[in-house]
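Novice:
Protein chains: 2
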Amino acid sequence: MKKLVDSPDTVLAQSLDGFCAAHADLVVADADRRFVRRRTPTPGKVALISGGGSGHEPLHAGFVGHGMLDAACPGQVFTSPTPDQMVEAVRAVDTGAGCLFIVKNYEGDVMNFSMAADLCDAGIATVITDDDVAVERSTWSTGRRGVAGTLVVEKLVGAAAERGADLDTLAALGRRVNAATRSMGVALTSCTVPAAGSPTFTLADDEMEMGVGIHGEPGRRRVPLVGATAIADEMLTAIVDDLTAPVGTEVLLFVNGFGGTPLMELYVMVDAARRILAARGLKVVRHLTGAYVTSLEMAGCSLTVTALDAELAALWDAPVHTPALRWGR
Amino acid sequence: MKKLVDSPDTVLAQSLDGFCAAHADLVVADADRRFVRRRTPTPGKVALISGGGSGHEPLHAGFVGHGMLDAACPGQVFTSPTPDQMVEAVRAVDTGAGCLFIVKNYEGDVMNFSMAADLCDAGIATVITDDDVAVERSTWSTGRRGVAGTLVVEKLVGAAAERGADLDTLAALGRRVNAATRSMGVALTSCTVPAAGSPTFTLADDEMEMGVGIHGEPGRRRVPLVGATAIADEMLTAIVDDLTAPVGTEVLLFVNGFGGTPLMELYVMVDAARRILAARGLKVVRHLTGAYVTSLEMAGCSLTVTALDAELAALWDAPVHTPALRWGR
Chain B
1 MKKLVDSPDT VLAQSLDGFC AAHADLVVAD ADRRFVRRRT PTPGKVALIS GGGSGHEPLH
61 AGFVGHGMLD AACPGQVFTS PTPDQMVEAV RAVDTGAGCL FIVKNYEGDV MNFSMAADLC
121 DAGIATVITD DDVAVERSTW STGRRGVAGT LVVEKLVGAA AERGADLDTL AALGRRVNAA
181 TRSMGVALTS CTVPAAGSPT FTLADDEMEM GVGIHGEPGR RRVPLVGATA IADEMLTAIV
241 DDLTAPVGTE VLLFVNGFGG TPLMELYVMV DAARRILAAR GLKVVRHLTG AYVTSLEMAG
301 CSLTVTALDA ELAALWDAPV HTPALRWGR
Chain Y
330 MKKLVDSPDT VLAQSLDGFC AAHADLVVAD ADRRFVRRRT PTPGKVALIS GGGSGHEPLH
390 AGFVGHGMLD AACPGQVFTS PTPDQMVEAV RAVDTGAGCL FIVKNYEGDV MNFSMAADLC
450 DAGIATVITD DDVAVERSTW STGRRGVAGT LVVEKLVGAA AERGADLDTL AALGRRVNAA
510 TRSMGVALTS CTVPAAGSPT FTLADDEMEM GVGIHGEPGR RRVPLVGATA IADEMLTAIV
570 DDLTAPVGTE VLLFVNGFGG TPLMELYVMV DAARRILAAR GLKVVRHLTG AYVTSLEMAG
630 CSLTVTALDA ELAALWDAPV HTPALRWGR
């Protein structure tokens with residue numbers, strides 16, 4: 001296993017300590033590292049809390065800050081956080097306006113966030129993300145998986161929360177954004193969970209996993225590697241056919257690296273995706289490109305398309321100031 | 330070769346097209362893709378121009394924008410840009426105050442930027458970066474190599490240029506920042522240049538290249554892989570011994586991913602580096618963590634330390650608004 005770690009047992013703790021030290025102006029973890037929260041809470045604002053297995057950095061802790069999350073609960077690598085983590089996060093960040101849980105659709109995450117909600121006195125609402133069109137059910141999920149589109153939900157709902165929207169409004173917005181968002185991924189290589197020490201799956205030198213999940217779960221099919229444009233075409237055909245947005249719809253295109261793919265290749269995918277979406281009558285008006293929802297060092301990428309309207313575009317443009325995503329004034 | 334490309338012949342053009350489309354609010358390329366420049370020039374400001382072989386994205390085009398570069402000239406992968414690229418960039422961005430070339434110390438880059446300077450009527454000054462302490466000369470360089478510290482030079486000089494400093498002042502500042510900066514890298518895997526199609530070098534499953542260059546050039550020694558703290562200790566010992574900063578000096582710590590290393594591991598390195606620097610009496614007061622000066626999909630990282638004073642810290646904090654680096658107001 002070729003990794004920059006001291007031990008699989010300490011990698012999460014050391015990584016969180018490094019993260020919190022590097023971004024001490026923005027975030028702080030509790031003493032037991034059960035959650036990472038904003039250093040400065042906003043009284044009266046609905047608190048947004050997400051979390052899930054680690055190994056997808058910067059998701060979710062990298063999105064804690066103004067305009068996105070109030071807290072994130074990191075599980076061990078590819079393992080759900082436990083309910084006590086979310087309970088403690090709620091205690092730390094709820095200022096009386098309630099908390100919105102944003103949860104990727106994996107059985108462990110959904111169960112543990114649900115248990116946490118039951119244990120809390122605070123008002124809790126939950127948005128489940130399930131943007132992955134690759135498969136209708138998976139190893140770890142009943143129904144579609146929540147993948148990179150979760151970032152879009154966190155960004156748009158986070159902007160609305162900053163403007164003072166109430167819990168019910170934010171939950172409805174989160175479901176609307178999730179419903180307007182579709183993703184699909186492709187893996188060129190596997191990834192290695194530190195505690196396992198060997199690759200999660202194997203791919204031959206000329207193979208790719210089309211529709212892969214963000215833990216290396218199987219996708220639609222394992223096929224010979226083809227060119228970037230052909231890969232983008234297969235993914236976007238699945239996405240656009242499922243999204244059924246009218247011709248002329250304005251969209252956000254999010255090209256997400258899985259951790260081991262150079263930025264140069266992600267921009268090749270941007271170029272290919274723009275051409276394909278234009279041919280389908282969709283107009284790309286916003287972009288996000290980079291490794292934001294990763295699978296350790298997996299090579300490959302996902303494409304996410306969100307159908308925008310004026311409200312969603314304005315929420316996307318709203319200021320955000322987190323360790324991993326920053327713009328606006 | 331497992332890459333998201335259509336063809337090695339078109340990867341650079343497609344990638345630049347995707348990049349310019351994704352960041353059309355900030356940058357534009359000329360029709361022949363010889364340079365990427367700011368969409369909106371600032372009259373009367375000294376123009377900062379950098380460039381070099383591609384494959385190190387987001388360096389340099391990702392740093393074109395307010396507070397950093399005015400233009401970047403992308404060569405083919407790991408190949409110097411040609412003098413005509415810089416000549417055309419000068420024509421496009423010089424507004425009469427002159428141009429500063431920021432050039433990494435590789436023979437091809439130094440020669441071609443020098444030829445370009447001779448061909449220009451505009452006032453040109455040049456800063457050569459050579460922050461890599463790993464080796465005193467290398468395959469492609471006479472003297473030390475310019476690596477991730479180049480970003481620090483571009484950021485600090487860029488901030489000073491935005492404040493109206495003149496060409497001589499900026500050139501002197503660039504040399505001062507370079508002199509206050511040291512870097513060293515480690516590779517856990519090789520990388521594959523698209524046009525070559527096979528890895529640049531090979532490492533056994535238990536080996537690392539200590540002191541590797543950003544093109545996969547040999548470093549100090551090839552040794553068995555050890556833990557993150559031991560790796561950080563060897564690199565920082567070389568860096569700190571060479572920097573000879575007084576105990577108590579405040580520093581910027583830049584942990585840079587080479588393209589194939591997860592953010593989780595980079596933060597493990599941050600944690601290790603902070604402990605080691607504290608033991609050496611240096612105080613980390615600024616951080617940058619991420620894949621900013623890459624070597625395609627190479628796994629590994631570099632550590633960069635810059636000794637700060639009040640002026641340099643203020644220049645680091647100054648607003649920057651580029652595709653890859655954004656903060657401030």
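Those protein sequence lines, which keep their order, are chains B and Y.
Residue numbering for the first sequence follows our numbering, starting at 1 and increasing by one per position.
Residue numbering for the second sequence follows our numbering, starting at 330 and increasing by one per position.
From the three backbone atoms N, C-alpha and C, an ideal C-beta is built for every residue, glycine too.
Rounded to whole angstroms, what is the Cα-Cα separation between C301 of chain B and D497 of chain Y?
Specialist: Rounded to whole angstroms, C301 of chain B to D497 of chain Y spans 45 Å at the Cα level.
Novice: Taking the C-alpha atoms as reference points, what is the distance between R182 of chain B and N585 of chain Y?
Specialist: So the alpha carbons of these two residues sit roughly 32 Å apart.
Novice: For S7 of chain B, which residues does DSSP report across the bridge?
Specialist: Paired residue(s): none; S7 of chain B is not in a bridge.
Novice: Hey, quick one: how far does the beta strand (DSSP E) through T458 of chain Y stretch, first residue to last?
Specialist: I453 to T458 is the extent of the beta strand (DSSP E) around T458 of chain Y.
Novice: On the DSSP letters alone, give me the boundaries of the alpha helix (DSSP H) that N507 of chain Y sits inside.
Specialist: Taken as a continuous stretch (DSSP letters only), the alpha helix (DSSP H) holding N507 of chain Y covers L496 to A508.
Novice: Step through the CB atoms of chain B and report whether any lies within less than 8 Å of the CB of S283 of chain Y.
Specialist: Residue 283 of chain Y lies beyond the range of chain Y shown here (330 to 658); nothing can be said about it.
Novice: Less than 8 Å between the CB atoms is what I'm expecting for G149 of chain B and N178 of chain B, so what's the real figure, rounded?
Specialist: Correct: roughly 7 Å between the Cβ atoms.
Novice: From this set, Y:G373, Y:D359 and Y:G540, which residue's C-alpha is nearest A390 of chain Y's C-alpha?
Specialist: Measuring from the Cα of A390 of chain Y, the nearest candidate turns out to be Y:D359.
Novice: R274 of chain B touches chain Y at which residues, Cβ-Cβ below 8 Å?
Specialist: The contacting residues are G347 and A350.
Novice: Counting only beta-carbon atoms, is W316 of chain B nearer than 8 Å to chain Y?
Specialist: For W316 of chain B, the answer is no, since every Cβ of chain Y falls outside 8 Å of its Cβ.
Novice: Under DSSP, the alpha helix (DSSP H) around G478 of chain Y begins and ends at which residues?
Specialist: G478 to E491 is the span of the alpha helix (DSSP H), which, as asked, contains G478 of chain Y.
Novice: Going along chain B in order, which residues have a C-beta closer than 9 Å to the C-beta of T590 of chain Y?
Specialist: Ordered by position in chain B, the residues that pass the 9 Å Cβ test against T590 of chain Y are K3, L4, G259, G260 and E297.
Novice: By the three-class DSSP mapping on this structure, what secondary structure does N112 of chain B have?
Specialist: Three-state result, N112 of chain B: helix.
Novice: Please check if any C-beta of chain Y sits within less than 8 Å of the C-beta of D32 of chain B.
Specialist: Judged by the 8 Å Cβ criterion, D32 of chain B is not in contact with chain Y.
Novice: With respect to the beta strand (DSSP E) encompassing R222 of chain B, which residues constitute its N-terminal and C-terminal limits?
Specialist: Run containing R222 of chain B: R221 to P224, per the beta strand (DSSP E) assignment.
Novice: I'd like to know if G396 of chain Y contacts chain B, where contact means its C-beta is closer than 8 Å to some C-beta of that chain.
Specialist: Not an interface residue.
Novice: Pick out whichever of B:D9, B:A21 and B:L12 has its Cα sitting closest to the Cα of K612 of chain Y.
Specialist: The shortest C-alpha separation from K612 of chain Y is found at B:A21.
Novice: Measure the alpha-carbon distance for T531 of chain Y versus A557 of chain Y and round it to whole angstroms.
Specialist: Computed Cα separation, rounded: 21 Å.
Novice: Could you round the C-beta distance between M184 of chain B and M235 of chain B to whole angstroms and report it? I think they count as a contact, below 8 Å.
Specialist: About 4 Å separates the two Cβ atoms, so the contact holds.
Novice: Could one say the Cβ of S344 of chain Y lies closer than 8 Å to chain B's Cβ atoms, at least one of them?
Specialist: It does; some Cβ of chain B falls within 8 Å.
Novice: What three-state label does DSSP hand D132 of chain B in the structure shown?
Specialist: Correct three-state label for D132 of chain B: strand.
Novice: Looking only at DSSP bridge pairs, what is G53 of chain B linked to?
Specialist: According to DSSP, G53 of chain B bridges with B:G75.
Novice: Quick one: which residues of the segment 222 to 243 of chain B get their C-beta closer than 7 Å to a C-beta of chain Y? List them in chain order.
Specialist: Correct list: L225, G227, A228, T229 and I231.
Novice: At the level of alpha carbons, what is the spacing between P194 of chain B and V5 of chain B?
Specialist: Going from the Cα of P194 of chain B to the Cα of V5 of chain B covers about 9 Å.
Novice: Cα separation between S336 of chain Y and M269 of chain B?
Specialist: Roughly 13 Å separates the two Cα atoms.
Novice: Beta-carbon separation of P652 of chain Y and V422 of chain Y under 8 Å?
Specialist: Result no, Cβ atoms of P652 of chain Y and V422 of chain Y do not sit closer than 8 Å.
Novice: I need the straight-line Cα distance from M593 of chain Y to V226 of chain B, nearest angstrom please.
Specialist: C-alpha separation (whole angstroms): 30 Å.
Novice: Within 8 Å (strictly less), CB to CB, does D271 of chain B reach chain Y?
Specialist: Yes, D271 of chain B lies at the interface with chain Y (some Cβ there is under 8 Å from its Cβ).
Novice: Should the segment 150 to 158 of chain B be regarded as contacting the segment 53 to 68 of chain B, the criterion being three or more beta carbon pairs within less than 8 Å?
Specialist: Output reads yes: the segment 53 to 68 of chain B touches the segment 150 to 158 of chain B.
Novice: Check this for me: beta carbons of P224 of chain B and E250 of chain B, under 8 Å apart or not?
Specialist: No; because the gap between Cβ atoms is not below 8 Å, this pair is not in contact.
Novice: Answer yes or no: does any C-beta atom of chain Y fall closer than 8 Å to that of P218 of chain B?
Specialist: By this cut-off, P218 of chain B is not an interface position.
Novice: D9 of chain B to A196 of chain B, Cα distance in whole Å?
Specialist: Each residue's alpha carbon lies about 11 Å from the other.
Novice: CB A13 of chain B to CB R33 of chain B, shorter than 8 Å?
Specialist: In this structure, R33 of chain B lies closer than 8 Å to A13 of chain B by Cβ.
Novice: Cutting at 8 Å between CB atoms, please list the residues of its own chain near D233 of chain B, excluding the five before and the five after it.
Specialist: Once the five neighbours on either side are set aside, the close Cβ partners of D233 of chain B are A272 and I276.
Novice: Could you pull the start and end residues of the alpha helix (DSSP H) that L632 of chain Y belongs to?
Specialist: No alpha helix (DSSP H) holds L632 of chain Y; the beta strand (DSSP E) holding it covers G629 to A636.
Novice: What distance in whole Å lies between the Cβ atoms of T618 of chain Y and Y596 of chain Y, which are believed to be in contact at a cut-off of 8 Å?
Specialist: Correct: roughly 6 Å between the Cβ atoms.
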